[in-house]
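Numbering (full-length UniProt numbering), first residue to last: 1 to 296.
Even for Gly, the Cβ is constructed at its ideal location relative to N, Cα and C.
Below you'll find the structure, written out as structure tokens, and then a few comments.
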């Protein structure tokens, strides 16, 4: 025969919301690996610990006097509210993880393009392009930089969306701590992809507080001169404007929400170029959405 405490604990453990949280964690573990499951397991165990304390207090409450019970009821109410709030928070986190997983699924379903290997003799091509701040930028704006990072990105591509927040954060660090110049170029046909329009570019740059100019390559001539093939496509040049890096941001399957303090492969490569002017040894081609070229 189960005691009152055991019955209460069993009831809490069999709570549908708690079971749903654990099942979701297991499913995400299959999809994304051990660390995601661990993320859910910690939260599940925290809730279980709180409910166990609640059950123990309830068992202890049988031995309390009437006045003591009145005083202890406050603790029960606080625990109930805390458990409810924590469960709501976990449900929200589960929904956010499912949303992130869906974004990753979309990335894998998009027809991907892989960038060519490094052309070490390539020299940066000049340009004169309009930025989201209304000004025009060229290579002259970056002549005092220790390195120049040229990024071909866009608004609509899920590969870009998956890394854009962390990219902005890291580029800001590279600019302030290592004297790196940076420019993002949007090369797509905006007629076919209105999400990449100039107005939408302005909105994105403002919402994420881009520390670098976000320029539009309306006739796509700059993208062609650089040999860009996809978004994102990263080029890093040394002080002599010689290409030293043509590679990816990082592993496209990595979830930066789970590793916000990690530094990307791109960050380490650009930092190395800014400090030495040399070509980094490790370079993995970037993968992304094909550039949407204008017909004709």
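When only Cα atoms are considered, residue 203 and residue 151 end up about 18 Å apart.
Secondary structure at residue 193: coil, using DSSP grouped into helix, strand and coil.
In this structure, residue 215 keeps its C-beta atom at 8 Å or more from the C-beta atom of residue 163.
Taking 4 residues as the shortest admissible run, the stretch 211-240 contains the following complete alpha helix (DSSP H) segments, listed from N- to C-terminal end: 221-226. Taking one beta carbon from each stretch, the stretch 260-270 and the stretch 124-135 have fewer than 3 pairs nearer than 8 Å; the two do not touch. For the stretch 236-278, the full-length beta strand (DSSP E) segments reaching 3 residues or more read 243-247 along the chain.
Contact check for residue 140 against residue 185 fails: the beta carbons are separated by 8 Å or more. Beta-bridge partners of residue 131 (DSSP): 215. For residue 126 against residue 243, the beta-carbon gap comes to about 14 Å, at or over 8 Å, which does not count as contact. A distance below 7 Å between beta-carbons, with the five flanking residues on each side excluded, links residue 169 to no residue of its chain. Residue 259 sits exposed, since fewer than 16 C-beta atoms from the chains shown fall within 10 Å of its C-beta. Between the beta-carbon of residue 270 and that of residue 180 there is about 6 Å, and that keeps the pair under the 8 Å contact cut. Annotation: the continuous beta strand (DSSP E) that includes residue 152 extends over 147-152. In the three-state reduction of the DSSP assignment, residue 209 falls in the coil class, being assigned neither a helical nor a strand state. Here the alpha carbon of residue 286 sits roughly 23 Å from the alpha carbon of residue 211. Per the C-alpha coordinates, the member of 173, 272, 284 and 219 positioned closest to residue 292 is 219.
Exclusion of the five residues before and after residue 275 leaves 146 and 178 as the residues of its chain whose Cβ lies within less than 8 Å of its Cβ.
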